[in-house]
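Asker: Residue numbers (this note's numbering), protein chains in the order written: chain A, -5 to 377; chain B, -5 to 377; chain C, 31 to 356; chain D, 31 to 356.
Before we start, here is the structure in question, set down as structure tokens.
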Amino acid sequence: MPKKPIKLPENIEYLSILDENAKVDKELEPKLSADDLKTMYRYMVLARRGDERMLNLQRQGRIGTFPQSSGHEAVSMGSVYALEKSDWHVPAYREFAGMLYRGWPLETMFLYWGGFEEGAVPPEGVNDLPICVPVGSQLLHAAGIGMAMRFKEEKKVVLTYFGDGSSSEGDFHEALNFASVFNAPVVFVCQNNQYAISVPLARQMKCETIAQRAVSYGMPGVKVDGNDVLAMYAATAAAVERARAGGGPTLIEGLTYRMTPHTTSDDPKRYRSEEEMKQWANKDSLIRFARYLEDKGVLDGDARKKLHEEIDEEIKAAVKRFEEQAQSEELLNPLRMFDYLYADTPPDLDEQREELKRFLAKKGKLPASEAGKEQAHTGRERG
Amino acid sequence: MPKKPIKLPENIEYLSILDENAKVDKELEPKLSADDLKTMYRYMVLARRGDERMLNLQRQGRIGTFPQSSGHEAVSMGSVYALEKSDWHVPAYREFAGMLYRGWPLETMFLYWGGFEEGAVPPEGVNDLPICVPVGSQLLHAAGIGMAMRFKEEKKVVLTYFGDGSSSEGDFHEALNFASVFNAPVVFVCQNNQYAISVPLARQMKCETIAQRAVSYGMPGVKVDGNDVLAMYAATAAAVERARAGGGPTLIEGLTYRMTPHTTSDDPKRYRSEEEMKQWANKDSLIRFARYLEDKGVLDGDARKKLHEEIDEEIKAAVKRFEEQAQSEELLNPLRMFDYLYADTPPDLDEQREELKRFLAKKGKLPASEAGKEQAHTGRERG
Amino acid sequence: MAEMNMAKAINKALYEALERDERVVVLGEDVGADEGVFRITEGLLAKFGDKRVIDTPLAESGIIGTSIGMAIYGLRPVAEIQFAGFDYYAFHQIESHASRFRNRTRGRVTVPMVMRFPYGGGIRALEHHSESRETYYAHTPGLKIVVPSGPRNARALLHSAIQDPDPVVYYEPKAIYRAFKEEVPDTIETLPIGRAQVVREGREITLISYGASLRQVLEAAEMLEEEDGVKAEVVDLLSIVPMDTKTIVDSVRKTGRAVVVHEAPRNCGIAAEVVARINEHVFLYLEAPVARVTGYDVPIPYFSKEKAYLPDADRILDACRQTLSF
Amino acid sequence: MAEMNMAKAINKALYEALERDERVVVLGEDVGADEGVFRITEGLLAKFGDKRVIDTPLAESGIIGTSIGMAIYGLRPVAEIQFAGFDYYAFHQIESHASRFRNRTRGRVTVPMVMRFPYGGGIRALEHHSESRETYYAHTPGLKIVVPSGPRNARALLHSAIQDPDPVVYYEPKAIYRAFKEEVPDTIETLPIGRAQVVREGREITLISYGASLRQVLEAAEMLEEEDGVKAEVVDLLSIVPMDTKTIVDSVRKTGRAVVVHEAPRNCGIAAEVVARINEHVFLYLEAPVARVTGYDVPIPYFSKEKAYLPDADRILDACRQTLSF
Ligand SMILES: Cc1ncc(C[n+]2csc(CCOP(=O)(O)OP(=O)(O)O)c2C)c(N)n1
Ligand SMILES: Cc1ncc(C[n+]2csc(CCOP(=O)(O)OP(=O)(O)O)c2C)c(N)n1
Ligand SMILES: [Mg+2]
Ligand SMILES: [Mg+2]
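Written out as structure tokens, the structure is:
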């Protein structure tokens, strides 16, 4: 066999179930109950409206720069819905829908983008890692969690996310390789919105799909219509089931589009055409899914309207809780910065805490809860 | 198209020309002159014998730990021979044959492993980077060189190397991606000796071949019998030609075997069987190539013997030159450590140089060439 | 002469460098069509094309590693890392290669490249977007590190960095990108790398700083003069490596007291090195321990609390008074 | 009680930890079948199997990044980086994640893991195999850093590190892996992280060091006593972070003179921090500038010249005499 093609694996596929016109492929349609479908829809809308509300908060200066998530609801929600509560969820930063579904309160998300570490605290009992900003690095944490599950012989799964651009980072490669070598139960989901900020896919990579990168790791790869929440669910459910049964990791690429700027300080007109944006607006997963629910008799127009109103109330209440917390002396106490770095704060850090405390006291800015606890001396000696 | 396989590229191939029994595939046999073939053989033998001599030097404590290269001659020599002198060569650390061919004097190689930076200095006019120890990192330098060639619109090519284990590093991924995105004229050659020190391929990665990782970068991939110097040459020559014509990078995997321990401080019995080692010894590229040359009437037994003797003389002379340099006051002068870090040594580093110089002078260890140049004062003040 | 802010001055230097030296290339994430997330590369792609102004894939080791290759090949890459908090991804390339090629090849293979790192807090940025860790590179022999403090020296230092035959880390104090304007001359200026500047004269105490913190130091110096009648001398390091020990110790020899200020964490920060050098060179002139006003040894807090972390004029003033009354 | 060298003592600690705590896993390149390139993991794979003693692919960011994941999930990973010179590949994982998870999640997500970095020169190793750059991690808030100096404290500190609820960098002075033996008790010992030890008492000068350099310091102290009749106190830091400022300043308050020794480069090295703390805490007790005996600000030379780079007893002695006669 002096010269011959190398046979490549045949497990790289494309999947779509609910098309742009809300036409469903009956054979592939996943078996989800009306409750399931309503739940999925609910969190997608919560994320969309929450995103819009956050933009508003950001414009008012009440939170900081943040990456919007509108357009990414189906990739996130379709995939996360395949998890059990005891499974793990390791998001990047556009999995707003999925995080809400997993149990992150809205106000916690506001706190994160509002500049409070408290927004990165996973709620008790929620097996999630917080938002991850340094791109691609979280994939290794997910791989490690999966490895630990495997070493402990537990039947759990980890689901993790990354962007198309992030797949250029070395950590992407290392994570998929580790997961495959150790046969770890990890599902890697790409939010392929076709841009890394301003750089279009064709200038990030020369291969046709991200899914085919699975060939490097001997794992299955699936490219999915990422605005089709049913296909995202079906692909992920299959991957989760395989992982749980010991079949190892899968790479899923959800093709979608960011309906907003990259973050609130981005100007997408510099690199995307109006036409392209419009085209993709027509493919909105929410519209498509709403029509499907209506056609199926799960949620009619009135019920949908009512749901939207409920959601708006929910957001309103969350904003209020956020404001309270964001203005609370506790969360604003700068001395908190020293209190969580180590399980036991070492003496030199304590000394720095005292240093700042004395300074705040001098300036009359010491939070009341800290007052009366000052140490008398400086720890320094005049000899 | 709701569910369908994704069509993968068809440019991942396997190539072998001169088989284990020295039987050649006439159709694929590259057109190399008798001189070409003799030159290739010459450097392969020089590397093999040089490697053995180095082991000897190492055992005598005259050089330090080093990674042997026996077994890697065909991958290195077959590929490097496809380059022009004006092309660039970016080795890892087992491309002994290729570096010698490119113009690195034997004694320079001895100096490198003998603990002298002078061993990392590419000879004037040789477009090579020195040996690279931190694995995988050199691939990015090669990609950058290729990008520069492309930006300058020059018709040159870079050839670079890495081990099977090193393909797990993130830099491997980033380098192949950059090269492909910028269509850089880079040929990436894997010395797949099936082990990363002690870890066999199956525990490093779950895909069948390293060549197929080319699928992630939309570039051609070729797996080659790495003990077949003709196939290595043919595959590389094709890749070099394509790159030169603007066709972009290629990934070549040469399957071979390290005939020695990983380095002189390694004990391969811990992880490889005697039988496996013996099997691979039978596939030795040198034996195979010698038979081919004999069959072809290029180099008969007598000529071969004579060549080997010449080579042994050459090595002997190089060892002598190495010893002279390694014992020269110039190369042993510790103050040299300060002299090459920056184009202009900054004052604080000069001060450190003076500090060491004064100390050496005190101890009577100042090299003669440095004496009489001491600065009078310490640069410190007693006030 | 034209008035401009620092962002514009850096942009101007890049433009000028691209124009006068065809070896210069600018690369990084979003530096092309987007003109950089801080718009520092505004107009460059349009003028110089995508072979000289290069949008890279999202991979920092890739950016630095290929820049090393380009520099070796004779180009003069100016690589932008979008935020200093992501340079860590390229750390091995910087430590093991950029900083070492000249030394290990005894000068034959050199890496004339510039790494632009927008650094520092104070702009209410997201997590990991407010880093200040100059020490990592100061402790890495073979690099040079400069930090401008205003539009004019920003442009001049960037020209110096690009012309330098060795790798230079160019930290951009992004908090003051657009904080104030200065006259910048029309002809190209450089500033010698390794030279500090006395930017305010005084005899009673020496304040040493660089980058964005320098503004706070100058403010503190004003307050000190107004409120306490004490004249502080202020040294703007401009270069972290090589450090201009002479300018520092000359000043401290005169004043006998010093406060060193930076926003990076304290432990093994640049201030520790300054203290050590003062201690070594002018020990007997010291009237009080040299004070450090720095970030604390915690990651810079998310933005709701970052102000308390960053040294401001008040904290510096407080340290000055303690040092003066020692 | 048994006599053993440091390599064996570390091996013993790993064995004991794997045995007593099923959450402990050991991972890294060649730590399994090969038992580590320094044989530190000898016998572990055979005893504990490949789910607890894990040969990883060759990827340092992968090793550290997945260790973080495992630690979060409740395991206690002990990750070996084959040589400290390759930890740079994992720098972003260490800086941005290992060191930060507890803080950013207000204690909810923690990363109890140990990173073993064999470090330092003096063994005629290849390029990039003799690194000593503790500063990188000391300047990274959220980590702890320990460096043993002998078999007994190596074992005890490794147990402490593994039991610690936070990420610990455990630097192994590989030059003294097999340099000498010590009695190591049969029962498991720990040592408090953050506590230095006075290993030699004296009143005239304080020598401060850690790791492999400590041997040189002790030798210098002997010479100083024999040749000059001067009794030096020697402080073995053991922990770099947290640093035991109290033990340092207590000693210097007594002696009034100090020399700090390490093989890492000088600029922003640990010695600079020690000098700064001495300056801050016991300024008025100082009779002479604190001296630094360190590696120079160049990459450690290839091995033919590494001896001149590494602080040895002679250089330390010389610095002591200069400090004493100041
Ligand atoms: C390591 C790292 N480098 C750079 C950045 C700055 N940055 C934030 S998002 C982004 C683009 C990410 O693109 P992609 O992965 O496609 O995700 P998307 O934002 O499109 O969802 C960049 C460059 C970062 N957060 N982390
Ligand atoms: C970044 C890095 N990590 C670890 C090492 C130590 N090391 C040297 S060679 C080697 C194995 C390399 O395996 P492979 O890439 O297959 O090359 P081979 O030695 O088999 O030719 C390791 C782990 C290194 N040199 N660089
Ligand atoms: Mg994207
Ligand atoms: Mg190998």
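All C-beta atoms in this analysis are idealised placements derived from N, C-alpha and C, irrespective of residue type, glycine included.
From a predicted model like this one, the values you see are computed outputs, not experimental measurements.
Quick check on DSSP: helix, strand or coil for B:W98?
Answerer: Your numbering for residue 98 of chain B matches position 104 in the second sequence. B:W98: coil per DSSP, three-state reduction.
Asker: Using DSSP's beta-bridge definition, name the partner residues of C:R106.
Answerer: The residue you call residue 106 of chain C lines up with position 76 of the third sequence. DSSP output for C:R106 lists C:V54 as bridge partner(s).
Asker: In whole angstroms, give me the CA-to-CA distance for A:R53 and A:T258.
Answerer: For this step, residue 53 of chain A is matched to residue 59 along the first sequence. For this step, residue 258 of chain A is matched to residue 264 along the first sequence. Cα-Cα distance, rounded: 8 Å.
Asker: Taking Cβ positions only, does B:D45 come closer than 9 Å to chain D?
Answerer: Working through the second sequence from its first residue, we reach residue 45 of chain B at position 51. Closer than 9 Å: no.
Asker: Hey, does A:Y227 have any beta-carbon neighbour from chain B nearer than 9 Å?
Answerer: Residue numbering aside, residue 227 of chain A sits at position 233 when the first sequence is read from its first letter. No, its Cβ sits nowhere closer than 9 Å to a Cβ of chain B.
Asker: Strictly under 9 Å for the Cβ-Cβ distance: is D:G104 near chain C by that measure?
Answerer: As a position in the fourth sequence, residue 104 of chain D is number 74, starting the count at 1. Answer no: the Cβ-Cβ gap between D:G104 and chain C never drops below 9 Å.
Asker: Quick check: what's the CA-CA separation for D:F78 versus D:L48?
Answerer: Taking the fourth sequence and counting its residues from 1, one reaches residue 78 of chain D at position 48. Taking the fourth sequence and counting its residues from 1, one reaches residue 48 of chain D at position 18. Approximately 8 Å, taken between the alpha carbons.
Asker: Less than 9 Å between CB atoms is the rule here; does D:F333 satisfy it with respect to chain B?
Answerer: Within the fourth sequence, numbered from 1, the residue matching residue 333 of chain D stands at position 303. So yes, D:F333 belongs to the interface.
Asker: If you measure beta-carbon to beta-carbon, which residues of the stretch 120 to 131 of chain B are closer than 8 Å to chain C?
Answerer: Listed in sequence order: L123, P124, P128, S131.
Asker: Quick check on DSSP: helix, strand or coil for D:F356?
Answerer: Reading the fourth sequence from its first residue, position 326 is the one you call residue 356 of chain D. Residue state, collapsed to three classes: coil.
Asker: Does any CB atom of chain B fall closer than 9 Å to the CB of A:D306?
Answerer: Sequence index remark: in the first sequence, residue 306 of chain A carries index 312 (1-based). Chain B, which has no Cβ nearer than 9 Å to the Cβ of A:D306, makes this no.
Asker: From the DSSP output, in three-state form, read off B:Y87 for me.
Answerer: For the purposes of this step, residue 87 of chain B is taken as the residue at position 93 of the second sequence. Coil, per DSSP.
Asker: Cα-Cα, which of A:H66, A:S27, A:K(-2) is closest to A:K290?
Answerer: One-based indexing of the first sequence puts residue 290 of chain A at position 296. Checked all of A:H66, A:S27, A:K(-2); the closest Cα to A:K290 is A:S27.
Asker: So which residues of chain D does B:G164 contact, with C-beta pairs closer than 7 Å?
Answerer: For the purposes of this step, residue 164 of chain B is taken as residue 170 along the second sequence, with counting starting at 1. Residues of chain D passing the Cβ test: A89, S91.
Asker: Among B:D333, B:K357, B:L350, B:G358, which one has its Cα closest to the Cα of C:P171?
Answerer: Along the third sequence, read from residue 1 onward, the residue named residue 171 of chain C stands at position 141. With distances taken between Cα atoms, C:P171 lies closest to B:D333.
Asker: Buried or exposed for A:Q188, please, with buried defined as at least 16 other CB atoms from any protein chain shown within 10 angstroms of its CB.
Answerer: Position 194 of the first sequence, counted from the start, is the residue given in the question as residue 188 of chain A. Result: buried.
Asker: Under a Cβ-count criterion, where at least 16 other Cβ atoms within 10 Å of its own Cβ denotes burial, should A:E247 be classed as buried or exposed?
Answerer: On the first sequence, residue 247 of chain A is found 253 positions in, with the first residue counted as 1. By the neighbour-count rule (16 or more Cβ atoms within 10 Å), A:E247 is buried.
Asker: Do we get a CB-CB distance below 9 Å when we pair D:A155 with the residues of chain A?
Answerer: By one-based count along the fourth sequence, residue 155 of chain D stands at place 125. No, D:A155 lies away from the interface with chain A (no Cβ there is under 9 Å from its Cβ).
Asker: My output table needs one value for B:C184: the three-state DSSP class, helix, strand or coil.
Answerer: By 1-based counting over the second sequence, the position of residue 184 of chain B is 190. Three-state DSSP puts B:C184 in a strand.
Asker: Have a look at A:S63 and A:P117 and give me their C-alpha separation to the nearest angstrom.
Answerer: Taking the first sequence and counting its residues from 1, the one referred to as residue 63 of chain A is at position 69. Taking the first sequence and counting its residues from 1, the one referred to as residue 117 of chain A is at position 123. Their Cα atoms are separated by approximately 21 Å.
Asker: Could you check what DSSP says for B:Q52 in three-state terms: helix, strand or coil?
Answerer: The residue you call residue 52 of chain B lines up with position 58 of the second sequence. In the structure shown, B:Q52 sits in a helix (DSSP, three-state: H, G or I).
Asker: For D:G79, name the three-state secondary structure that DSSP assigns.
Answerer: Stepping through the fourth sequence from its first residue, residue 79 of chain D is reached at position 49. DSSP places D:G79 in coil when its eight states are reduced to three.
Asker: Out of A:A114, A:Y95, A:L105, A:M331, state which residue places its alpha-carbon closest to the alpha-carbon of D:T135.
Answerer: Indexing the fourth sequence from 1 puts residue 135 of chain D at position 105. Closest option to D:T135, Cα to Cα, is A:A114.
Asker: Figure out for me which residue from A:F166, A:R43, A:F316 has the closest Cα to the Cα of D:Q123.
Answerer: Numbered from 1 along the fourth sequence, position 93 holds the residue referred to as residue 123 of chain D. Residue A:F166 is the option with its Cα nearest to D:Q123.
Asker: In whole angstroms, what is the alpha-carbon distance linking C:I238 and B:G164?
Answerer: As a first step, residue 238 of chain C is located in the third sequence; it is residue number 208 there, counting from the start. As a first step, residue 164 of chain B is located in the second sequence; it is residue number 170 there, counting from the start. Cα to Cα, the separation comes out at about 40 Å.
Asker: Taking a cut of 9 Å between CB atoms, which residues from the stretch 167 to 195 of chain D lie near chain C?
Answerer: Under the 9 Å Cβ criterion, the stretch 167 to 195 of chain D contributes A168, H169, T170, P171, G172.
Asker: Figure out for me which residue from C:E310, C:C350, C:P341, C:F333 has the closest Cα to the Cα of B:D342.
Answerer: On the second sequence, position 348 is the one that residue 342 of chain B refers to. The option with the nearest alpha carbon to B:D342 is C:E310.
Asker: I want to verify the contact list: residues of chain B whose CB lies under 8 Å from the CB of A:R197, in sequence order.
Answerer: As a working note, residue 197 of chain A is residue 203 in the first sequence. The answer, in chain order, is V175.
Asker: Taking the runs of the beta strand (DSSP E) that are 3 residues or longer, which of them lie wholly in the stretch 257 to 324 of chain C?
Answerer: With a minimum length of 3 residues, the continuous beta strand (DSSP E) runs that stay inside the stretch 257 to 324 of chain C are 262 to 266, 269 to 271, 288 to 295.
Asker: Check this for me: beta carbons of C:G99 and B:A142, under 9 Å apart or not?
Answerer: Taking the third sequence and counting its residues from 1, the one referred to as residue 99 of chain C is at position 69. Taking the second sequence and counting its residues from 1, the one referred to as residue 142 of chain B is at position 148. Going by C-beta atoms, C:G99 is nearer than 9 Å to B:A142.
Asker: Expressed to the nearest angstrom, what Euclidean distance is found between the alpha-carbon atoms of B:K359 and D:G259?
Answerer: Here the question's residue 359 of chain B lines up with position 365 in the second sequence. Here the question's residue 259 of chain D lines up with position 229 in the fourth sequence. Straight-line Cα distance between these residues: approximately 26 Å.
Asker: Tell me, which residues are paired with C:P203 by DSSP?
Answerer: Mapped onto the third sequence, residue 203 of chain C falls at position 173. In DSSP, C:P203 forms a bridge with C:Y149.
Asker: Note down the Cα distance separating B:E89 from B:Q319, rounded to an integer number of angstroms.
Answerer: The residue given as residue 89 of chain B occupies position 95 in the second sequence. The residue given as residue 319 of chain B occupies position 325 in the second sequence. Rounded to the nearest angstrom, the two C-alpha atoms are 23 Å apart.
Asker: Can you tell me whether B:N77 is helix, strand or coil according to DSSP?
Answerer: The residue given as residue 77 of chain B occupies position 83 in the second sequence. First, the amino acid is wrong: residue 77 of chain B is Leu here, not Asn. The answer is coil: DSSP assigns B:L77 none of H, G, I, E or B.
Asker: For the stretch 199 to 212 of chain B, which residues have a beta carbon sitting closer than 8 Å to at least one beta carbon of chain A?
Answerer: The stretch 199 to 212 of chain B vs chain A, Cβ under 8 Å: M199, K200, C201, E202, T203, A205, Q206, R207, V209, S210, Y211, G212.
Asker: Applying the 10 Å Cβ sphere with the 16-neighbour rule, what's the burial state of C:P203?
Answerer: Numbered from its first residue, the third sequence carries residue 203 of chain C at position 173. That one is buried.
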